Structure formats: structure tokens, C-alpha cells
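Everything below concerns the one structure shown next.
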Amino acid sequence: MTEMEREKEKNIDRCAQAYAELLDGCEIRISGEGVPEGFYLPGGRAESVRLILESDNAHYPFGTGCLYHGIGEILKWTGRRRSEDTEETAAYRRGIHTVYKAVQRLILRHAREAKRLAEQEADANRKNSLQRIAGICGRISEKRPATFEEGLQLFWFLYLARSPFGVGCIGRLDQTLYPFYRMECRAGSWNREEAMEAVLRFYRNLNRLRAGDTLRNLMLSGQNEAGKDQTNELTWIFLEAYERAGDAEPHLNVRIHENTPKSLIRACVRLLAKGKGQPTLYFDENIILAMERAGISHVDACRYANDGCTETVIDQKSGIVFWQHEMVKTVELTLFNGEENPCVVPVRMRKNSAQGPLFTPKTSLVKGFRSGAFEEMKSFEEFLNAFFRQLDFQLDQQFLRIEEKMQEDETNTVTSPLVGGSFWRSAVTGKDPLRGGGFDVSNYQLLSGTITTAADSLRAVEECVFVRKWCTAAELKRALAADFQGWEALRQRLLHVPKFGNGDERTDGLAAEIGKHFIRRVNGFCGTKPLRPGLYNIDFGIFANTVGATPDGRRFRDPIGEHCCPTPGAAQKGPTAVVESASRLPMRDGYASSPLQLTLDQGGFEMGADREEILYRLMEGARRAHVPVLNLAMYDKKALRAAQKEPEKYRDLIVRVWGFNARFVELDRELQEHIIGRMGGGDNG
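Quick note on numbering: the sequence shown equals residues 223 to 907 in our numbering.
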């Protein structure tokens, strides 16, 4: 055994022991309300938590091995070394066994506690509930679930075990739990109202843990490889339960396709009309074909879901690793010939939550590449070519780092044994999901960053310096370096140059050119595994604090656009113009994720009975415009402003952030302003 192999074996053992320490040392709680039952307070060391987080980014759904075969079968297959095992598979098999024994102990502790509480309980109804909980926990600690409630309870325990902080992707749960629904239907024991109550408790449990950037994406419906709609009774229960609960968790998503029932589409529109930005809609026709062109089989493509944000994963067939490019920063490096805008200074900020930790963001781009002196350029074409030279250099640097990660995953990376045991093949063979144990579809993604604000900046350079000649290149650089202090007249001109999101063909065309170039380069990546492109920007809030003043008139720290959306405040012609601009982007080719987010101000519409019709027409327009992913949110801008002043009165105000929903009053002020700015127009607060 080589030193590298010995270290890998040690890492597997350390990770497995970290789970065991965490689960065995936790404090459990039983509410007695009913299935799904169970909470725990982590009791492990910080080092154990670190090992768990390093082995599982929690951005993809579990496999179904444990749910469909039961903990007892997982333990049977992993309880001893097999003749075909290598040192690595023997160690990984042992790691799975260690973790699932700890999960079993956790479940049995809940069973014993429920039984103890039942024996002390005087109220007959509560006593029966606790006895039922004890019985369910006892059964699923060994056997596969036999009912929907048992399946949901086991899923909940695995979900709790996965993360010390109660976060993680949920996946296509209406499909995953459907076999248990079928079992109950055949047995004549199905009770829809009991199932509804269980799902409502599941949602309440999620919200009790925490809300916000929790990765808890639940994908509903879809189609199978034959094109048959997969909407089922559980789809409706999960959807209706969310409508009843009305809280931030989970983050709801629905797949729409040619054979989607009209009743499901109308139900989604009705829910969207409530103004909380749920559900996010995924249009199969604009996603599946692009996946197939990229080499993903039709069968696998039809299984797609979304990860903890909006990126696509193949449910129970892939993990996900993604990187982000800083497209607006690339424009800055072009303007300053490989260096940062001098107005950029270190900033202390929070990522999203008002209670989150402060940190100082820094660019990950490489400074020093000389793409050309802006002051010496004679035409916009020369500047545009310099931008693409800078972009190509930065992408090449990212490709090197990505290839290193791919090679590491091919040889040394250890996937969490808890995740591994959820994939039946991993339990049977002892293979890590990364190396033959379950991740059949590799899923490495590079996301573009904000191409829309980048395009606005390019258009402003063209208009200001080369067409209108409002100033020279040197003067524009001085204005940017000064963060427009002393250059307000020029800034006002720049602010009025046509922006993406208003149907302007030239600006939209520049955004499309950037997007096509980026996708072409990513698709041309020659590495250990394929690299999948997306026109997406998760960290738009962070990047706005690392990019100095830009030629579109934006000052340092002013917001930049997110995903395929206009820069906040730039869209002045309404949502149909935004859809028109988006239709010119190669969004379908950015199938890793290319979302469009439309945020409407309720004050700008005659609502009443027309509200749902407005949203339905926007949804249909976006689908026909080849938008793959659409989020529609409708807020009252006055209410958002009021919530900033009196947050205690607006605890139930839910908004869409990026790949998640959150309570508006719990967000950092900077992010609150970004959300308000999405609506465009004046501030009527």
C-alpha cells in the first residue's frame, strides 16, 4: 500500500468516526407531535464537524439505497470485508458500516425516548402518538419503510444526520417516496389527510431548524424517458402543504413540460400570485435537450433536479462541484490592463443574513495579464478583443484549478460514507460514489458570473468613448478610479446609455456575445471530465464588493445583476422587455443553470383577478423565449420599506434571494436593497 493509499484509508476512518462522534454525542428531542419526529443538538468537536463538511457539500440529493433496502441491509452488505475488496473498498465499506450503525443508534435512541415519554404521559391522544412514534422508529432502525410516513421518517433521520446545521438538498421527494404511497394504496391503508399532516410537520421541522440559505430545494413533477408526466398524489400534497404552511422552507421548484397537467400549472401560478417567489419553474424542453447534446443520456437527463441553489443535478445519479467566473471584474481588468480599479478597497460585509459573520471578500481572478492599454485603443472592436483576451486568460487559469480538482476526485477525494451508503451500489461494492459507487454522471460546472452588467459596461464604453466621444479612454479611467467623485455629469450620461433588460438589441447582443464565447470555451475544456456551463451568478452580492466603479455608471459596491437578470434598477420598460432581452441570450446552452428572475412591484399593476393571468402570460412568454429556469416574484415595495423600519411587524414577509427564499427581515441590509432594486422604477416607499 502506498503512502497516498494509507492516507486515504485514514481519511475514510476519520470521517466515519466523526459522524459516529457527532450522532452518539448529540442531545435528542421528541416533540410528540407526530411523524416525522426527531431533533438533535450536535455534540461533536469542531474538528469532527469540519471533516463532515469537507466530505459532503450537501448540494445534491441522497441516493435511495437506504430508503429502499433498509438500514439492516446496508449493515449486512458492509459488515465484513469481501473477497473482491481492494484496500480502498474495504476501508470505505467499513466507513459506511460505522456511520450507519451510528444512524441506527440515533434512531433507536429516539424510539426509547418516545417510549419513555409515552409511559409517563397521561393524555391518551399524546400517549398514542408517542407510542406510534416509538414503533415506527423501532421498525425503520432495521427494516425498509413500509408506508409513506415511515419513508418520510427515515428520510428525516438521514437528513438530520447529513448536516450538523440541518441544511442540504432534498431532491425529487415526490418521486423518491412514491413507492411507499403505492404500497399503502395496494394495502388499502392510504390516508391522504394523515400524509398531509406529516408533510406539514416536515415543513415545520425545517423552519424550526433555520431558514434562508439552507440548500433545501424540493423539486416536484417532471417526465420520464417516455415523456410521461410524473405528477402524482405526492406532488399535490407537497405543493398544497406549502400553500398551507406559507413559510420560507423548503424552497419549492416544479418542472413544466408539454404534458404537464394544466391544473398543476394553474396551481403554480396561484401560489406565485401570493407574492413569495415560490415555486421556481424549470422548463424541461429548454433543459433536457441541451443536456443530451452535452452527452448526458436521455434517461438520466429526465431525472434532473436542482441542487442547493438553481444549478442542475441528476437526481440520485450525480454530485456537483461548481466554480464561478467574475465577468464584471474581467471588464475591470480589461479597462486597467490587468490591474484592479484603484477605487477598490477592502470591505467588511455579510453574505446574506443580518446575523451572519463578517468577512472581507477578494477577487479570485489573476492580476497582471496585459490585455492592452485602453488609452491606446482606436476602436471599440479593439477594446472588445482585449476583453475577450482577458477573459480567455482568466478562464485558462480557472481551467487549471478545475483540472486539479477533477484529478483529485479521480484518485483521493473521500465522499461522506453517509452519502455513500445512500447509494446501493456503493454499499454493495464498497466503491466511493466518485469512483464507480453511484455518481454515474460527472457534474463539474463553471458559472459565468454576471454577463448582463458586463454587457452594460461594454456598451457604455462603446457609446461614451468611441461613438459619442463624451470623454477619452484616459478620462473614463480617471472617472472610474475616482468612483465618479467629481465626474457626476459623465456618470449621468453613462447611466442613460441603454441597458440590458430593456429590449435594446445592441446591449442584448453584447450580452449574448459574451455568453456564447463563455459557453464555447467551457464546452471546449479538455480535462479529465466534462465541464458544464451556466449563465449564473450566485455571489452577485459578494462580487459587487470586489468590483470598482464600472462604465455603466455604477459606483463601487453598488449592486450588479444576478444570473441572466438586469442590473437592479436598470430595467425601465417592464417585465416583457426583460424577457425580450433574455430571449437573445444562449440560455438553453448554459444548461448547468441559466435562470431568469422577474421581480414585480405590486404597486405597478392593477391586481385583483388579473394577477394570476399576468403571471401566467409572463410564464408562457418566458418558456417560448427559451428561458430554462424562471422565478417570478411579486412584492409590495412599500411593505418592504416598512419592514426595514419595523422588522418585528413583518416576520412573515418571505422573499426570493437567489436559489433560496428567506424572511426579508433576516437578510443583511445590502441584500434587502438589492431585492428592492430588482423591481426597477422609482422608490415609492
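Ideal Cβ placement from N, Cα and C applies to all residues, glycine included. Please read all numbers here as calculations on a predicted model, not as lab measurements.
Alpha carbon to alpha carbon, how far is ALA649 from LEU339? For the purposes of this step, residue 649 is taken as the residue at position 427 of the sequence shown. For the purposes of this step, residue 339 is taken as the residue at position 117 of the sequence shown. Near 35 Å, if we compare the C-alpha coordinates of LEU339 and ALA649.
Under a three-way DSSP split, which group does THR534 fall into?
-> Start at 1 with the first residue of the sequence shown, and residue 534 comes out as number 312. The answer is strand: DSSP assigns THR534 an E or B state.
Exercise. With GLN546 as the anchor, note down where its beta strand (DSSP E) starts and where it stops.
Key: Counted from its first residue, the sequence shown places residue 546 at position 324. Taken as a continuous stretch (DSSP letters only), the beta strand (DSSP E) holding GLN546 covers 543-546.
Can you tell me whether THR768 is helix, strand or coil according to DSSP? Within the sequence shown, numbered from 1, the residue matching residue 768 stands at position 546. Correct three-state label for THR768: coil.
Pull up the distance between the alpha-carbon of LEU382 and that of PHE424, whole angstroms please. In the sequence shown, counting from the first residue as 1, residue 382 sits at position 160. In the sequence shown, counting from the first residue as 1, residue 424 sits at position 202. Rounded to the nearest angstrom, the two C-alpha atoms are 12 Å apart.
When you compare the segment 853-863 with the segment 399-409, are there three or more beta-carbon pairs, one atom per stretch, that lie closer than 8 Å?
Using a Cβ-Cβ distance cut-off of 8 Å, the segment 853-863 and the segment 399-409 are not in contact, since fewer than three pairs of beta carbons, one from each stretch, lie closer than that value.
**Q.** Closest Cα partner of GLY613 within the set GLU335, GLY770, LEU889 and LYS738
**A.** As a first step, residue 613 must be located in the sequence shown, where it is residue number 391. In the sequence as presented, Gly is not what sits at residue 613; that position holds Leu. Per the Cα distances, LYS738.
Exercise. Return helix, strand or coil for MET223, following the three-state DSSP convention.
Key: In the sequence shown, residue 223 corresponds to position 1, counting from 1. Assignment of MET223 by DSSP, reduced to helix, strand and coil, places it in the coil class.
(message) Less than 8 Å between the C-beta atoms of LEU757 and MET809, yes or no?
(response) Position 535 of the sequence shown, counted from the start, is the residue given in the question as residue 757. Position 587 of the sequence shown, counted from the start, is the residue given in the question as residue 809. Their beta carbons are under 8 Å apart, which means LEU757 touches MET809 by this criterion.
So, with DSSP's three-state summary, where would you put TYR758?
Here residue 758 is taken as the residue at index 536 of the sequence shown, counted from 1. TYR758: coil per DSSP, three-state reduction.
- request: Please look up how many angstroms separate the CB atoms of ASN413 and CYS524, rounded, as I've assumed it's under 8 Å.
  value: Sequence index remark: in the sequence shown, residue 413 carries index 191 (1-based). Sequence index remark: in the sequence shown, residue 524 carries index 302 (1-based). ASN413 to CYS524, Cβ: 31 Å. No contact.
| field | Burial state of HIS947 (16 or more Cβ within 10 Å) | value | Residue 947 is absent from the structure shown; the chain starts at 223 and stops at 907.
task = Output the boundary residues of the beta strand (DSSP E) element that contains PHE505.
result = One-based indexing of the sequence shown puts residue 505 at position 283. Note, PHE505: beta strand (DSSP E), 502-505.
Can we say the segment 608-623 touches the segment 550-566, given the rule of at least three CB pairs closer than 8 Å? yes
| query | Can you tell me the Cα-Cα spacing of GLU554 and PHE370, whole angstroms? | reply | Taking the sequence shown and counting its residues from 1, one reaches residue 554 at position 332. Taking the sequence shown and counting its residues from 1, one reaches residue 370 at position 148. Rounded to whole angstroms, the separation of the alpha carbons of PHE370 and GLU554 is 54 Å.
> Are TYR262 and ILE250 closer than 8 Å when you measure CB to CB?
Replying inline: Translated into the one-based positions of the sequence shown, residue 262 becomes position 40. Translated into the one-based positions of the sequence shown, residue 250 becomes position 28. It is a contact, given that the beta carbons lie within the stated cut-off.
Rounded to whole angstroms, what is the Cα-Cα separation between GLU336 and ARG432? Numbered from 1 along the sequence shown, position 114 holds the residue referred to as residue 336. Numbered from 1 along the sequence shown, position 210 holds the residue referred to as residue 432. The amino acid occupying residue 336 in the given sequence is Ala; Glu does not appear at that position. Whole-angstrom Cα-Cα distance: 24 Å.
Looking at the structure shown, is TYR241 part of a helix, part of a strand, or coil, going by DSSP? Taking the sequence shown and counting its residues from 1, one reaches residue 241 at position 19. Helix, per DSSP.
Taking Cβ positions, are MET549 and ILE736 nearer each other than 8 Å? One-based indexing of the sequence shown puts residue 549 at position 327. One-based indexing of the sequence shown puts residue 736 at position 514. Yes, these two residues count as a Cβ contact at 8 Å.
From LEU275 to SER385, what does the alpha carbon distance come to, in whole angstroms? Reading the sequence shown from its first residue, position 53 is the one you call residue 275. Reading the sequence shown from its first residue, position 163 is the one you call residue 385. Going by the C-alpha atoms only, they are around 8 Å apart.
Which partner residues of GLU868 appear in the DSSP bridge assignment?
To locate residue 868, count along the sequence shown from 1; it is residue 646. DSSP output for GLU868 lists no bridge partner at all.
Do you know offhand how far LEU221's Cα is from ARG742's? Because residue 221 is not part of the residues shown, which for the chain are 223 to 907, the question remains open.
Quiz item: Under a Cβ-count criterion, where at least 16 other Cβ atoms within 10 Å of its own Cβ denotes burial, should ASN906 be classed as buried or exposed?
Solution: For the purposes of this step, residue 906 is taken as residue 684 along the sequence shown, with counting starting at 1. Bear in mind that the predicted position of ASN906 carries a pLDDT of just 42, short of 50, making it too unreliable to give a figure here.
Checklist line | Whole-angstrom distance between LEU820 and GLY763, CA atom to CA atom | finding: Here residue 763 is taken as the residue at index 541 of the sequence shown, counted from 1. Here residue 820 is taken as the residue at index 598 of the sequence shown, counted from 1. Approximately 18 Å, taken between the alpha carbons.
task = In the DSSP assignment, find the alpha helix (DSSP H) that holds ILE673 and state where it starts and stops.
result = Residue mapping note: residue 673 aligns to position 451 of the sequence shown, counting from 1. ILE673 -> alpha helix (DSSP H) spans 673-683.
Assuming TYR381 is part of the alpha helix (DSSP H), what are its boundary residues? The count along the sequence shown starts at 1 and reaches residue 381 at position 159. From DSSP, the alpha helix (DSSP H) with TYR381 extends over 370-384.
- [ ] To the nearest angstrom, report how far apart ARG334 and ALA356 are at their CA atoms.
- [x] Taking the sequence shown and counting its residues from 1, one reaches residue 334 at position 112. Taking the sequence shown and counting its residues from 1, one reaches residue 356 at position 134. Approximately 7 Å, taken between the alpha carbons.
Q. So who's on the other strand from ASN853, going by DSSP bridges?
A. Start at 1 with the first residue of the sequence shown, and residue 853 comes out as number 631. Looking at the DSSP assignment, ASN853 forms a beta bridge with GLN819.
Q | Environment of LYS859 [buried if 16+ CB atoms lie within 10 Å] | A | Position 637 of the sequence shown, counted from the first residue, corresponds to residue 859. Flag for LYS859 reads buried.
Practice item. Closer than 7 Å by C-beta to ILE898: which residues in its own chain qualify, once you throw out the five before and the five after it? Chain order, please. Key: As a working note, residue 898 is residue 676 in the sequence shown. Excluding positions up to five away in sequence, the list reads LYS859 and LEU862.
Which residue marks the beginning of the alpha helix (DSSP H) containing GLU249, and which one marks its end? In the sequence shown, counting from the first residue as 1, residue 249 sits at position 27. Not the alpha helix (DSSP H): GLU249 falls in the beta strand (DSSP E), residues 249-251.
CB-CB under 7 Å to PRO367, same chain, minus the five flanking residues each way: which ones, in chain order? Stepping through the sequence shown from its first residue, residue 367 is reached at position 145. Here the set comprises LEU289, GLY373, LEU376 and PHE402.
Is it buried or exposed for ARG845, if we count other Cβ within 10 angstroms and need 16 for buried? The residue given as residue 845 occupies position 623 in the sequence shown. Flag for ARG845 reads buried.
- Message: Distance check for ASN439 and VAL491, CA to CA, integer angstroms please.
- Response: As a working note, residue 491 is residue 269 in the sequence shown. As a working note, residue 439 is residue 217 in the sequence shown. Roughly 19 Å separates the two Cα atoms.
| task | Return the residue from the list ASN454, PRO797, ASP890 and LEU717 that minimises the CA-CA distance to ALA847. | result | Numbered from its first residue, the sequence shown carries residue 847 at position 625. Closest by alpha carbon: PRO797.
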